[in-house]
Ligand code: FAD
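In this note's numbering, the protein residues as written are 41 to 345.
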């Protein structure tokens with residue numbers, strides 16, 4: 041039995057675990073893989089105080105830091121259900137059938153970017169295909185990029201990138217943008233942004249080591265066209281890893297766990313942190329801060345029992 045059980049071992053979960061263990065309470069982490077999205081990241085230049093690092097390097101450092109404490113790390117385990125027990129404790133059921141009981145639970149299962157699912161996308165990930173303008177925008181200074189998706193995040197990304205890169209082409213599948221009017225107005229006021237509607241992206245074109253273009257089908261004519269560019273930012277949605285919590289906890293319409301400023305969820309004794317929550321910005325440094333926040337809130341809860 042645990043005092044604090046964390047589900048998800050990315051930056052939010054690792055941070056929550058260290059904060060809990062430092063209070064001397066029985067702490068565990070259940071995670072499918074340790075490190076989360078950071079494992080899939082190449083260069084990281086916005087983890088403040090570390091000028092430059094790489095995903096796997098940061099994951100190794102996280103793992104090392106967690107190992108310094110008495111934390112029970114249960115890796116390669118996937119949680120499938122969360123239940124409130126009659127005595128107020130919380131049960132986490134794993135896919136292998138095991139049941140773990142804890143006084144408090146912190147959910148930090150993260151999220152994943154929705155992909156275009158076209159040839160070349162996976163091959164050129166981190167070599168021209170990007171998902172996070174805050175992370176990778178500066179790498180495309182002076183270059184030509186595409187943004188895929190005309191919702192709020194796509195249009196925000198295009199506006200953001202237009203200030204850094206030479207030229208942005210925004211591709212929207214529909215015949216109109218879905219972003220808020222104020223964002224669209226701003227977008228159309230920028231001289232180095234072009235918008236192509238009714239476009240289905242069909243392939244990422246590269247030379248084996250980096251992207252040189254994008255193919256798309258004009259849905260009005262069925263004609264396949266090509267644009268030359270160096271970067272592609274895919275902005276068609278971030279999917280929180282919360283399917284297993286549907287019907288158990290309050291989720292937003294995007295499937296994010298609804299949390300308050302202390303990381304409380306709608307179930308007493310259950311907290312959440314990082315990319316799986318309604319917290320608006322999804323970054324490593326933010327996930328770590330929220331992990332610490334939720335962990336301190338869980339400790340607050342424990343001392344009141
Ligand atoms: P995650 O990192 O997503 O970790 C969640 C963990 O939970 C995973 O290990 C997962 O396996 C596990 N899990 C999920 N479901 C379950 C379950 N049911 N049971 C058990 N375990 C489960 N941010 C930056 O600040 N700077 C960058 O340069 C940067 N670059 C990025 C580049 C890429 C390619 C990507 C994909 C993201 C990047 N990000 C960057 C974003 C950053 O990685 C995330 O904001 C951060 O990792 C979120 O941390 P988290 O702990 O909330 O979730």
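Backbone N, C-alpha and C fix where the C-beta goes; we use that ideal spot for every residue, glycine too.
Judged by DSSP in its simplified three-state form, residue 193 adopts helix.
Here the distance from the Cβ of residue 271 to the nearest heavy atom of the ligand FAD is not below 7 Å.
Going by C-alpha positions, residue 336 is about 7 Å away from residue 59. A residue is called buried when at least 16 other Cβ atoms come within 10 angstroms of its Cβ; residue 171 meets this threshold and is buried.
For residue 101, the enclosing alpha helix (DSSP H) starts and ends at 95-107. Excluding residues up to 5 positions away in sequence, 102, 106 lie with their Cβ nearer than 6 Å to the Cβ of residue 54 in the same chain. For residue 333, the secondary structure class from DSSP, reduced to helix, strand or coil, is helix. C-alpha of residue 340 to C-alpha of residue 244: approximately 50 Å in a straight line.
By the criterion of a C-beta distance shorter than 6 Å, residue 93 is surrounded in its chain by 84, once the five residues flanking it on both sides are discounted.
Using a cutoff of 7 Å, the CB of residue 73 counts as near the ligand FAD, since one of the ligand's heavy atoms is closer than that.
Scanning its chain for C-beta atoms nearer than 8 Å, with the 5 sequence neighbours on each side dropped, one finds around residue 297 the residues 147, 280, 282, 285, 289, 290, 291, 305, 312, 316, 317, 318, in chain order. Residue 164 carries a coil assignment under DSSP once its states are collapsed to helix, strand and coil. Residue 171: not part of any alpha helix (DSSP H); DSSP gives it neither H nor E. The ligand FAD has a heavy atom closer than 7 Å to the beta-carbon of residue 77. Taking all protein chains in view, the Cβ of residue 89 is surrounded by fewer than 16 other Cβ atoms within 10 Å, so the residue is classified as exposed. Approximately 32 Å separates the beta-carbon atoms of residue 81 and residue 43; this is outside 8 Å, ruling out the contact. When 45, 79, 127, 160 are compared, the shortest CA-CA separation from residue 248 is found for 160. Rounded to the nearest angstrom, the Cβ distance from residue 237 to residue 214 is 7 Å, consistent with a contact under 8 Å. Note that the region 120-127 does not touch the region 210-224; fewer than 3 beta-carbon pairs, one per stretch, sit closer than 8 Å. C-alpha of residue 206 to C-alpha of residue 197: approximately 14 Å in a straight line.
Here the C-alpha atom of residue 191 lies approximately 34 Å from the C-alpha atom of residue 308. In the three-state scheme derived from DSSP, where H, G and I count as helix and E and B as strand, residue 180 is classed as helix.
When secondary structure is reduced to three states using DSSP, residue 260 falls in the coil class, being assigned neither helix nor strand. In this structure, the beta-carbon distance from residue 233 to residue 168 does not fall below 8 Å.
Residue 341 sits in a helix when the DSSP states are folded into three classes. Straight-line measurement puts the Cα of residue 142 at about 41 Å from the Cα of residue 189. In the DSSP assignment, residue 280 falls within the beta strand (DSSP E) that extends over 278-280. Note on residue 104: under 16 other CB atoms within 10 angstroms of its CB, so exposed under the neighbour-count rule. A Cβ-Cβ contact shorter than 8 Å links residue 79 with residue 99.
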